[in-house]
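*Asks:* Numbers 1161 to 1453, taken from this note's numbering, label the letters of the sequence shown in order.
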Amino acid sequence: MSWLTNVVLPKIRAVVSAKREVPDNLWTKCPACGQMLFHRELEANLNVCHACGHHMRIDAKKRMAVLFDKGEYARIELPKPVVDPLKFRDSKRYVDRLKEAQAQHGPNRDAILVAHGKIGGNDAVVAVFEFGFMAGSMGIAVGEAIVAAARLAVLQSAALVIVPSSGGARMQEGILSLMQMPRTTIAVEEVKEAGLPYFVLLTDPTTGGVTASFAMLGDIQISEPGAVIGFAGARVIEETIREKLPEGFQRAEYLLDHGMVDMVVRRHDLGETIGRLIGLLRKPVLEAPKKRA
Ligand SMILES: [Zn+2]
């Protein structure tokens, strides 16, 4: 039996340990079903699990590429508001937290990108939240960006699509971040007053002050499958009302069943669906046939 232990076992060990040397980032484990997914395949499938269809988060640039026709769009420069107006500091200074996030995402960045282009052949302005940037929190910069996006839509006579993915207001900007709730609400109202369609694509997670303002005001409310959408977190609600919450509470499908969301659409179908909806809402109203005398 010595050949078995001396030759075969070391060979098996070599094979097993060789596998361990493969970098971790080549594989991603699906958080929903546990399936190991090859990174390149997962990316090609728009970060949707092949096995169970779970939609993982994607960054703002990828989101833009998914929505616009042929992935082509032009980003606009966003206003640069006063940084750290309250000189806020917790365990770290707010300016340092901002610098860290910008080192990761790019200089002068905040938790949102705005671009314009075509969706289904229709003019559209799209504002996408970057959850990776301070949990997509809405401060003055994000508010300014949404106002800029809404004004651009009016200027170009284009549809406005906002894609939130946010933990809510940016606490480091205190009351000034809460002020973005009425500001963004008025901004999207301007688009509606101009007779242009406004869509919200709710992605995982949409919570807090973002849910409580522009994100619930779309002419059509679309959501990605499985997205968490709510105001307060489920645990906080459970502890407050001291009751067990129903299965799937605050998930897109639950909200669809209860009338808070109009449609739940797979990531692969989003561009086509939104393009079709813009086309329908922008169709010139036909004159009513004249009544015969
Ligand atoms: Zn899965």
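Idealized CB from N, CA, C, for every residue including glycine.
Quick check: is any heavy atom of ligand 1 less than 7 Å from the C-beta of H1199?
*Replies:* As a working mapping, residue 1199 is identified with position 39 in the sequence shown. Not so, every heavy atom of ligand 1 lies at least 7 Å from the Cβ.
*Asks:* Can you tell me which residues form a DSSP beta bridge with S1251?
*Replies:* Here residue 1251 refers to the residue found at position 91 when the sequence shown is read from its first residue. For S1251, which the question treats as bridged, DSSP gives no partner whatsoever.
*Asks:* Evaluate the contact criterion for the segment 1347-1359 versus the segment 1370-1390: three or more CB pairs, one atom per stretch, below 8 Å.
*Replies:* yes
*Asks:* In angstroms with no decimal places, state the Cα-to-Cα distance between S1251 and I1300.
*Replies:* Here residue 1251 refers to the residue found at position 91 when the sequence shown is read from its first residue. Here residue 1300 refers to the residue found at position 140 when the sequence shown is read from its first residue. About 22 Å.
*Asks:* Using the Cα positions of R1235 and A1308, report the straight-line distance between them to the nearest angstrom.
*Replies:* Here residue 1235 refers to the residue found at position 75 when the sequence shown is read from its first residue. Here residue 1308 refers to the residue found at position 148 when the sequence shown is read from its first residue. Roughly 12 Å separates the two Cα atoms.
*Asks:* Is H1214 near ligand 1, judged by its Cβ being under 7 Å from some heavy atom?
*Replies:* Position 54 of the sequence shown, counted from the start, is the residue given in the question as residue 1214. Result yes, Cβ under 7 Å from ligand 1.
*Asks:* Quick check on the burial criterion: 16 or more other C-beta atoms within 10 angstroms. Buried or exposed for A1211?
*Replies:* Here residue 1211 refers to the residue found at position 51 when the sequence shown is read from its first residue. Burial is judged here by how many other beta carbons sit within 10 angstroms of a residue's own beta carbon; A1211 has fewer than 16 and is exposed.
*Asks:* Which residue comes first and which comes last in the alpha helix (DSSP H) that contains K1221?
*Replies:* The residue labelled residue 1221 in the question sits at position 61 within the sequence shown. That run of the alpha helix (DSSP H) goes A1220 to L1227.
*Asks:* Quick check for students: name the residue ranges of the beta strand (DSSP E) that lie wholly in the segment 1266-1345, counting only runs of 3 or more.
*Replies:* 1272-1279, 1282-1289 and 1319-1323
*Asks:* Apart from the five residues just before and just after A1461, which ones in its own chain have a Cβ nearer than 6 Å to its Cβ?
*Replies:* An answer regarding residue 1461 cannot be provided, because it is not within the stretch 1161 to 1453 covered by the chain.
*Asks:* Taking the alpha carbon of L1312 as the point to measure from, which residue in V1302, V1351 and T1344 has its own alpha carbon closest?
*Replies:* As a first step, residue 1312 must be located in the sequence shown, where it is residue number 152. The shortest Cα separation from L1312 among V1302, V1351 and T1344 belongs to V1351.
*Asks:* Closest to G1328 by CA distance: which of W1187, G1303 and A1318 is it?
*Replies:* Reading the sequence shown from its first residue, position 168 is the one you call residue 1328. The option with the nearest alpha carbon to G1328 is G1303.
*Asks:* Have a look at G1435 and I1279 and give me their C-alpha separation to the nearest angstrom.
*Replies:* Residue numbering aside, residue 1435 sits at position 275 when the sequence shown is read from its first letter. Residue numbering aside, residue 1279 sits at position 119 when the sequence shown is read from its first letter. Spanning the two alpha carbons is a distance of roughly 5 Å.
*Asks:* Going by the CB atoms, is the gap between V1421 and S1373 shorter than 8 Å?
*Replies:* Taking the first residue of the sequence shown as 1, we reach residue 1373 at position 213. Taking the first residue of the sequence shown as 1, we reach residue 1421 at position 261. Against a cut-off of 8 Å, the Cβ pair of V1421 and S1373 comes out as no contact.
*Asks:* For the alpha helix (DSSP H) containing A1211, name the first residue and the last one.
*Replies:* The count along the sequence shown starts at 1 and reaches residue 1211 at position 51. That residue, A1211, is in no alpha helix (DSSP H); it is neither H nor E in DSSP.
*Asks:* Helix, strand or coil: how does DSSP classify T1400 here?
*Replies:* Along the sequence shown, one-based indexing puts residue 1400 at 240. Three-state DSSP puts T1400 in a helix.
*Asks:* Sorry if obvious, but does the Cβ on A1192 come closer than 7 Å to a heavy atom of ligand 1?
*Replies:* As a first step, residue 1192 is located in the sequence shown; it is residue number 32 there, counting from the start. Yes.
*Asks:* Quick one: what does DSSP say L1462 is sitting in, helix, strand or coil?
*Replies:* As shown, the chain starts at 1161 and ends at 1453. That puts residue 1462 outside it, with no answer to give.
*Asks:* So, for P1245: in the same chain, excluding its five sequence neighbours on each side, which residues have a beta-carbon less than 8 Å away from its beta-carbon?
*Replies:* Against the sequence shown, residue 1245 aligns to sequence position 85. I1300, E1333 and L1336, listed in sequence order.
*Asks:* Let me check one thing: in DSSP terms, what residues is H1215 bridge-paired to?
*Replies:* Mapped onto the sequence shown, residue 1215 falls at position 55. DSSP, once it has assigned bridges, lists V1208 as partnering H1215.
*Asks:* Determine whether the beta carbon atoms of A1310 and V1286 lie at a separation below 8 Å.
*Replies:* In the sequence shown, the residue the question calls residue 1310 occupies position 150. In the sequence shown, the residue the question calls residue 1286 occupies position 126. In this structure, V1286 does not lie closer than 8 Å to A1310 by Cβ.
*Asks:* Would DSSP call A1412 helix, strand or coil?
*Replies:* Within the sequence shown, residue 1412 is the residue found at index 252, counting from 1. In this structure, A1412 counts as helix in the three-state DSSP scheme.
*Asks:* Is it buried or exposed for A1392, if we count other Cβ within 10 angstroms and need 16 for buried?
*Replies:* In the sequence shown, counting from the first residue as 1, residue 1392 sits at position 232. The residue in question, A1392, is exposed, as its Cβ has fewer than 16 Cβ neighbours within 10 Å.
*Asks:* Quick test of your reading: F1293 and H1265, contact by CB under 8 Å. State the CB separation rounded to the nearest angstrom.
*Replies:* The residue you call residue 1293 lines up with position 133 of the sequence shown. The residue you call residue 1265 lines up with position 105 of the sequence shown. Between H1265 and F1293 the Cβ distance is about 5 Å, and since that is below 8 Å, they are a contact.
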